[in-house]
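Residue numbers (the working numbering), protein chains in the order written: chain H, 34 to 352; chain C, 656 to 924.
Every residue, glycine too, gets a C-beta built ideally from N, C-alpha and C.
Here the structure is a predicted model, which is why all the values come from computation and not from measurement.
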């Protein structure tokens, strides 16, 4: 492939004159073509990774959803059984309902806390560096480890929480936070996610806050705007792209929740905190039915794609 | 200083300190609980973590280190070359490939892992650390490629051009001139790849079957999920600390460059 050798003609150019720092580039046609080939060559590893480990599995999961595909043994075509059976699966119905409920609660809670923290550490003043580090540190702990940490923290055996609440008289007797009732199990998972992810989202919101020029605030102040007015009419509108990014990540992340429920609540009590991804895992590796797992996956994927398209549409229209 | 602004300052510091304590206390508690024994303090819980029947073994730690090393090296390699290509070259299919890479973010993790499980089986990488690393590299690509593209775009063109005038070919320009200029980006990408691969749970859960191949995370979680009787919470907290300490140290040392790299990337996006 002769085009892959870059032509040397471009390099023989004289140094640019000082009064014209950026002369227009005059690549020859062959030089431009060989540069394109070089770029394509550098992009090759990315293309192979994306193709082999993203596009192929994406097609494969669709193909699998059309088959009876046991974990071991040969697959046989069974269209559309895997899809019709989703409707009969009671666990899917309750998991959909639970996952949606969790997503709404989690997104609202996480957004409020993360935005609050971002506003708190926005200005450079004494002690802010320490606060930022404190809020960000949980992010360094793996999510599975964090789930185990909270399992111990909330347990009656070694956890201090129940003792503390008993001492100040808020609860009596034995309370099992992670498996006692569906509300407390959901609450435990939400506290865990807040602790682990508030700092990360704070960081992204902070970049958005700091991208707002100080002059804008100055102008609002001169116009006599109150703090609340400034926040509503200046900060929020200018933050819209960042807010949209953060909300999308929160919603997508919550719809795909797995670790926190698999480890902390084990989906219980009585499957009341079983998320959709847990159902997919169960179909595939406990009921050994990969075809059914693939069909639920495809349905979930379709919902997310529609959601993302709507999200992009709203974003584009507003800006 | 007026009285109200003084009160505001105190209010700020009290709120901030209270929140900081709230965020730090679970970490401090897990360290404390992992050292606490019936007779005071000691390393008994760590001893049980490494010796009890379903505890973790040295080869689990080696597996984790292998997966992390492969993922970090692979991610840096692919993202550097890819970021250079996207940031500095025009070639047919460039925008499509970039969009496809970002689209990885939009697709549920679980959706393609079921198919990846089957696919890796076909190419002989079932239950393999290399197969797991390849998948983890792919999941790192959207963030890493985006980050490195922005880093390469931010390098002044004159730097690259003067290197070529000096007779560097493209590869040595990349290695000698461009890489030092995008170092903050590389640190961010590498750190992120390490933190994710070291603590990743779902992908190894699906792609690794035999307990010999388990990573430390899988082995520690297994102490909870595989136990039929009572859970050994204290040993579990020892496992949490063992997993978290390398990440916390790395994060503390590199937080400055990490946050800077992150914000510069996010601002440009």
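Chain C contacts made by the stretch 210 to 223 of chain H, where a contact means CB separation under 9 Å:
Result list empty, no residue passes.
Assign residue 887 of chain C to buried or exposed, taking buried as 16 or more other Cβ atoms, counted over all protein chains shown, within 10 Å of its Cβ.
Residue environment for residue 887 of chain C: buried (at least 16 other C-beta atoms within 10 angstroms of its C-beta).
9 Å Cβ cutoff met for residue 753 of chain C and residue 785 of chain C:
No. Outside cutoff.
Tell me, to the nearest whole angstrom, how far the beta carbon of residue 127 of chain H is from that of residue 115 of chain H; I am working on the premise that it is less than 8 Å.
So it is not a contact: roughly 19 Å between Cβ atoms.
Output, in chain order, the set of chain C residues within a Cβ distance shorter than 7 Å of residue 190 of chain H.
888, listed in chain order.
Residues of chain H with CB closer than 9 Å to the CB of residue 856 of chain C, please, in chain order.
In chain order: 175, 176, 177, 178, 180, 291, 292, 295 and 296.
Out of H:218, H:291 and H:164, which has the shortest C-alpha to C-alpha gap to residue 176 of chain H?
Residue H:291 holds the alpha-carbon nearest to the alpha-carbon of residue 176 of chain H among H:218, H:291 and H:164.
List, in chain order, every chain C residue whose beta-carbon is nearer than 7 Å to that of residue 82 of chain H.
Listed along the chain, the chain C residues whose CB falls inside 7 Å of the CB of residue 82 of chain H are 733, 792, 793 and 796.
Any beta carbon of chain C sitting closer than 9 Å to that of residue 265 of chain H?
No, its Cβ sits nowhere closer than 9 Å to a Cβ of chain C.
Can you find a C-beta in chain C that's less than 9 Å from the C-beta of residue 132 of chain H?
No, no contact with chain C.
If you scan the stretch 665 to 719 of chain C from start to end, which runs of the beta strand (DSSP E) of 3 or more residues do you find wholly inside it?
Within the stretch 665 to 719 of chain C, no complete beta strand (DSSP E) segment of 3 residues or longer occurs.
Under DSSP, the alpha helix (DSSP H) around residue 70 of chain H begins and ends at which residues?
Membership of residue 70 of chain H in the alpha helix (DSSP H) is indicated by the continuous run 62 to 83.
Which two residues bound the contiguous alpha helix (DSSP H) that contains residue 229 of chain H?
First-last of the alpha helix (DSSP H) with residue 229 of chain H: 215 to 243.
Starting from residue 8 of chain H, trace the alpha helix (DSSP H) both ways and give me its first and last residue.
Because chain H in this structure spans residues 34 to 352, residue 8 of chain H falls outside the shown range and cannot be described.
Indicate the three-state DSSP secondary structure (helix, strand or coil) for residue 833 of chain C in the structure shown.
Here residue 833 of chain C sits in helix by DSSP.
Counting only C-beta atoms, is residue 910 of chain C closer than 9 Å to chain H at any point?
Residue contact with chain H for residue 910 of chain C: present (Cβ-Cβ distance below 9 Å to some residue of chain H).
Along the alpha helix (DSSP H) that carries residue 819 of chain C, what are the first and last residues, could you check?
Note, residue 819 of chain C: alpha helix (DSSP H), 812 to 820.
Using the C-alpha atoms, what's the distance from residue 192 of chain H back to residue 880 of chain C?
So the two alpha carbons sit approximately 19 Å from each other.
Just verifying my parser: in three-state terms, what is the DSSP assignment at residue 159 of chain H?
Three-state result, residue 159 of chain H: coil.
Which residues in the same chain as residue 314 of chain H place their Cβ atom closer than 8 Å to its Cβ, once the five residues preceding and following it in sequence are excluded?
Within its own chain, the residues whose Cβ lies closer than 8 Å to the Cβ of residue 314 of chain H, once the five positions on either side in sequence are excluded, are 291, 295 and 326, listed in chain order.
With DSSP as the reference, identify every bridge partner of residue 103 of chain H, one or two as the case may be.
Per DSSP, the beta-bridge partners of residue 103 of chain H are H:322.
Flag residue 905 of chain C as yes if its beta-carbon sits less than 9 Å from any beta-carbon of chain H, otherwise no.
For residue 905 of chain C, the answer is yes, since a Cβ of chain H falls inside 9 Å of its Cβ.
Would a check of beta-carbon distances place residue 54 of chain H closer than 9 Å to chain C?
Legend: pLDDT at residue 54 of chain H = 43, less than 50; position of this residue unreliable, no value from coordinates given.
What's the gap between the Cα of residue 69 of chain H and the Cα of residue 821 of chain C?
Residue 69 of chain H and residue 821 of chain C have their alpha carbons spaced roughly 22 Å apart.
CB-CB under 8 Å to residue 905 of chain C, same chain, minus the five flanking residues each way: which ones, in chain order?
Once the five neighbours on either side are set aside, the close Cβ partners of residue 905 of chain C are 846, 849 and 850.
Rounded Cβ spacing between residue 829 of chain C and residue 739 of chain C (contact assumed at less than 8 Å)
Confirmed, Cβ separation roughly 6 Å.
Opposite residue 872 of chain C in the DSSP bridges: which residues?
Paired residues: none, contrary to the question.
Those residues which DSSP pairs with residue 109 of chain H across a bridge
According to DSSP, residue 109 of chain H bridges with H:101.
What did DSSP end up calling residue 206 of chain H once you bin it into helix, strand or coil?
Correct three-state label for residue 206 of chain H: coil.
Quick check: what's the CA-CA separation for residue 718 of chain C versus residue 711 of chain C?
Approximately 11 Å, taken between the alpha carbons.
Where does residue 40 of chain H fall in DSSP's three states?
A caution first: residue 40 of chain H carries a pLDDT of 39, below 50, which makes its placement in the model too unreliable to give a value.
If you draw a straight line from the alpha carbon of residue 289 of chain H to that of residue 812 of chain C, how long is it in whole angstroms?
Taking the straight line joining both Cα atoms gives about 42 Å.
Can you tell me the Cβ-Cβ gap for residue 858 of chain C and residue 791 of chain C, rounded? I've got them flagged as a contact below 8 Å.
Sure, about 6 Å apart at Cβ, within 8 Å.
Counting Cβ pairs, one atom from each stretch, are 3 or more of them under 8 Å apart for the stretch 742 to 761 of chain C and the stretch 675 to 692 of chain C?
These segments do not touch.
Chain-ordered chain C contacts of residue 347 of chain H [CB-CB under 7 Å]:
Within chain C, no residue comes near residue 347 of chain H; the closest Cβ sits about 16 Å away, beyond 7 Å.
Let me check understanding here. Comparing Cα to Cα, which of C:878, C:885, C:903 and C:794 lies closest to residue 731 of chain C?
Cα-wise, what sits closest to residue 731 of chain C is C:794.
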